[in-house]
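Chains as they are written, first to last, in full-length UniProt numbering: chain A, 1 to 281; chain B, 1 to 374. The block underneath contains the structure these notes are about, expressed in structure tokens.
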Amino acid sequence: MRRPLSLYGLTFSLPLLVWQVLFFVFPLVFLVALSFWTVKNFRMQPDFDGVNWATMYGRAVFWQAYGTTFALAAAASVLVSVLAFPCSYAISFKLSDTARSWAVFLMVIPFFTSYLVRVYSWQIFLSDAGIVNVMLGWVGLGPYTLLNTVGATMIGYLTLTFPLVVLLQLFSLVFIDRTLIEAAHNLRCGRLRTVFAVIIPSARVGLVIAALFAFILSFGDFVSPIYLGGGDPTTLSILITDTTKSGQQWPRAAVIALTMIGTLLAVAFAAVRFAYKGRTK
Amino acid sequence: MPRIAGLNTGLTRRSLLASGAAALATPMLSRRAFAAPTELTMLAWYGHAEPDVVAEFEAENNVKFVPKYYTGGDNMLGLISQSPAGTYDVILSDAEYVQALNEAGYVEELDPNDYAIADYFPEFQDFPGNWSDGKLFSLVTRFGFLGVAYNTDALTEAEAASYNVFWNEKLAGKVGHFDWHLPNLGQMSLLNGNAAPYDIDEAAWQAVKDKTLSLRPQIGGFFDYGGTFSSLNDGQMLAFAGIGDWITGVLEKNGAKVRSAIPEEGGLQWSECFSIGKGSTKADLAKKWIQYITSAKGQAKSAQMAAYPALVPNQKGWEVLQAENPAEAKRQGMTSEAGNVIDMIRSGRIKYRQWPIQQSLEDWNDFWSEYKGA
């Protein structure tokens with residue numbers, strides 16, 4: 001049912017609309033325009049030239065970085081979803097109300113510290129003479145190269161996304177209708193089967209959205225691949241800085257950024273479609 | 001309202017209050033006039049407007065520097081081109097970019113008679129890029145060498161005496177790159193025996209690319225300024241290409257076991273120059289600053305800058321440094337002994353870091369991206 005616009009409604013919705021236009025739509029339009037500009041002697045000139053698109057899309061290193069970034073972000077979202085699920089499951093079904101509040105609080109705490117600081121502190125754990133290798137040394141193992149590897153990048157992505165994914169999963173798990181679980185048990189459905197046949201399907205929307213957020217955050221992250229992965233392999237975020245650092249090629253960086261935005265939109269639409277598939281409301 | 005007899009000479013209560021208030025305010029105003037320092041904007045690498053360098057000048061001239069630090073020459077050019085003329089009074093630039101600054105008309109002409117250029121070593125009096133058509137546009141203020149940076153526990157000085165050490169088996173996965181194509185590829189070009197490392201033809205460029213690609217399996221990462229510091233400091237990387245004492249010097253002074261060596265194939269030289277920004281309304285003060293920092297006293301300060309140490313081109317600056325801090329003068333090789341850094345330059349072992357001459361900057365940059373992705 002549509003309601004006519006009221007002053008009351010506008011008062012609350014207009015600021016958001018203005019904000020979105022000012023700080024999202026306008027920059028986005030500018031980014032599109034920028035991608036057609038040209039650079040001469042380090043100076044950007046307004047232009048309408050497809051050369052930046054042709055150059056970037058024609059370079060093997062771009063597609064290589066694209067593939068790497070996509071694969072890393074996809075792996076991170078699967079990994080973090082799998083690792084976060086037992087945690088959010090336990091919090092929502094096994095803990096008392098008080099303990100649950102504390103657990104949620106604990107999941108919020110990591111956001112108090114800068115992500116950059118948390119990533120830097122991982123270096124102390126992962127370096128060759130770091131805490132992990134010293135502890136492995138006590139049992140006669142190692143030292144292993146942990147820092148500047150893809151594994152370290154993945155740890156960084158988990159640091160970034162894990163608390164958020166747990167919280168998002170949690171919000172859909174707590175709202176599952178408990179009678180469904182009881183019904184499953186009454187129908188002699190085992191614990192594990194209940195999880196896979198009842199709980200996960202019921203919480204599908206939340207689980208998929210959580211994974212989507214993990215993908216979005218990891219896909220655009222610069223800090224982990226550079227400070228834990230050692231900038232190797234090149235991700236799209238690193239490629240953007242490389243492109244701007246030498247020769248002031250902001251228009252080419254805009255091409256990369258727009259490609260990333262396009263990819264994220266496509267992934268987000270696909271994920272939301274999958275999440276709500278078969279639901280009628 | 002009855003008036004008080006003694007105040008009846010035209011002095012009303014209102015005027016008394018007004019003059020009293022004015023009298024009370026006068027010291028405030030005059031103090032403000034005396035104390036408010038003139039703000040001088042400086043566009044520079046981090047460290048150049050920090051107290052250890054500028055405090056004395058600020059106090060003597062009642063100046064307050066307002067620094068805008070950049071993270072690379074391209075970043076610097078971008079900042080200038082996006083700001084109105086006169087935004088930056090003093091501009092510090094790497095020598096490669098001085099020409100670009102000049103061509104774009106971003107800097108004022110300097111009068112050579114204003115500066116102690118005669119005290120400079122002859123090699124620096126006519127520094128490339130500083131002059132254009134006989135006119136001076138910037139003045140070199142400090143420089144440094146780039147060679148093999150290494151962990152002294154992992155490598156001996158003899159091992160670090162050649163760029164070939166980067167291919168050493170014991171350094172597999174332990175060689176880091178400072179993430180900028182110019183110094184790294186310049187070093188590869190030196191290793192390939194190119195006397196002018198940046199002026200190479202297509203065949204030599206191909207050879208540099210091939211040589212560089214063969215190093216890829218040894219590389220443990222590509223690092224920015226901060227990453228280079230930490231990975232050398234904690235021993236994560238045992239050797240580094242593309243840097244020199246400007247990084248290892250800071251770490252060495254803090255006790256880390258790292259050093260830089262100029263290998264037998266030669267080293268590269270980075271150089272920083274000061275200019276006055278076009279349209280600066282405080283050009284006189286900016287000139288005064290450049291006079292100060294290129295004077296003997298200022299040069300000794302600049303050599304010991306806390307953010308990153310450097311060599312200085314003023315001979316009298318060397319003398320001041322030797323008197324003030326002989327240990328640092330010796331560590332950096334700014335002494336009168338044979339084999340000092342000027343001898344190194346004179347023996348032809350040092351080449352300027354510069355933009356490629358026969359290829360475009362873009363070619364080098366694109367190859368660097370490909371190398372990183374390889």
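Yeah, the Cβ is synthetic: ideal placement off N, Cα and C, and Gly gets one too.
Pairing B/Lys257 with B/Thr152, the inter-Cα distance amounts to about 5 Å. Here B/Pro112 has Leu136 as same chain residues with Cβ atoms under 8 Å from its own Cβ, once five neighbours each way along the sequence are excluded. For B/Thr38, the enclosing beta strand (DSSP E) covers residues Thr38 to Trp45. Within 10 angstroms of the beta-carbon of A/Ser101 lie fewer than 16 other beta-carbons, which makes it exposed.
By the criterion of a C-beta distance shorter than 6 Å, B/Tyr292 is surrounded in its chain by Phe57 and Gly298, once the five residues flanking it on both sides are discounted.
Taking CB atoms only, A/Tyr57 has no neighbour in chain B less than 8 Å away. Inter-residue distance for B/Ala195 and B/Tyr352 is about 11 Å (C-alpha atoms, whole angstroms). For A/Thr234, the nearest beta carbon of chain B is closer than 8 Å to its own beta carbon. Closer than 8 Å to the CB of B/Ala100 there is at least one CB belonging to chain A. Contact residues of the region 157-189 of chain A toward chain B are absent (C-beta to C-beta distance below 9 Å). Per DSSP, the continuous beta strand (DSSP E) segment holding B/Gly220 begins and ends at Ile219 to Phe223. DSSP places A/Gln45 within a strand segment (E or B) once states are collapsed to three. Burial state of B/Met188 is buried, judged by a 10 Å Cβ sphere holding 16 or more other Cβ atoms. Taken in chain order, the complete alpha helix (DSSP H) segments of 4 or more residues contained in the region 1-42 of chain A are 7-20 and 26-34. Here B/Leu40 has Val63, Lys64, Phe65, Val66, Asp89, Val90, Lys282, Leu285, Ala286 and Trp289 as same chain residues with Cβ atoms under 8 Å from its own Cβ, once five neighbours each way along the sequence are excluded.
Residue range Val150 to Val174 is occupied by the alpha helix (DSSP H) that includes A/Gly151, with no beta strand (DSSP E) assigned at that position. Look at B/Ile219: its C-beta is under 8 Å from a C-beta on chain A.
The residues Val98, Leu136, Phe137, Ser138, Leu139, Val140 and Cys273, in chain order, have a CB closer than 7 Å to that of B/Asn130 in the same chain once the five nearest residues on each side in sequence are set aside. The region 68-81 of chain A makes contact with the region 212-225 of chain A: 3 or more CB pairs, one atom from each, lie closer than 8 Å.
For B/Gln315, no Cβ of chain A is located within less than 8 Å of the residue's own Cβ. In the three-state reduction of the DSSP assignment, A/Pro225 falls in the helix class, which pools H, G and I.
In the displayed model, B/Pro67 falls within a strand according to three-state DSSP. The three-state reading of DSSP puts B/Val312 in coil, since its state is none of H, G, I, E or B. In the DSSP assignment, no residue is bridged to A/Leu95. In the structure shown, B/Ser93 adopts extended strand secondary structure according to DSSP, grouped into three states. Per DSSP, A/Phe85 lies in no beta strand (DSSP E); the unbroken alpha helix (DSSP H) holding it starts and ends at Ala60 to Tyr89. Under the 8 Å Cβ criterion, the region 201-216 of chain B does not count as touching the region 260-276 of chain B, having fewer than three qualifying pairs. Per the coordinates, the alpha-carbon of B/Glu264 lies some 18 Å from the alpha-carbon of B/Thr212. A straight line joining the alpha-carbon of B/Ala116 with that of A/Gly58 spans about 52 Å. When the beta-carbon positions are compared, A/Ala257 and A/Leu22 stay at least 8 Å from each other. Shown here, A/Leu136 sits in a helix according to DSSP, grouped into three states.
Interface with chain B (8 Å Cβ-Cβ cutoff): A/Thr38 is excluded.
A/Asp49 has a beta carbon lying at 8 Å or more from every beta carbon in chain B. With fewer than 16 other beta carbons inside 10 angstroms of its own, A/Lys94 counts as exposed. Contact between A/Ser202 and A/Leu168 fails: their C-beta atoms lie close to 15 Å from each other, not under 8 Å.
Contact annotation: B/Ser275 and B/Leu79 have beta-carbon atoms that are not nearer than 8 Å.
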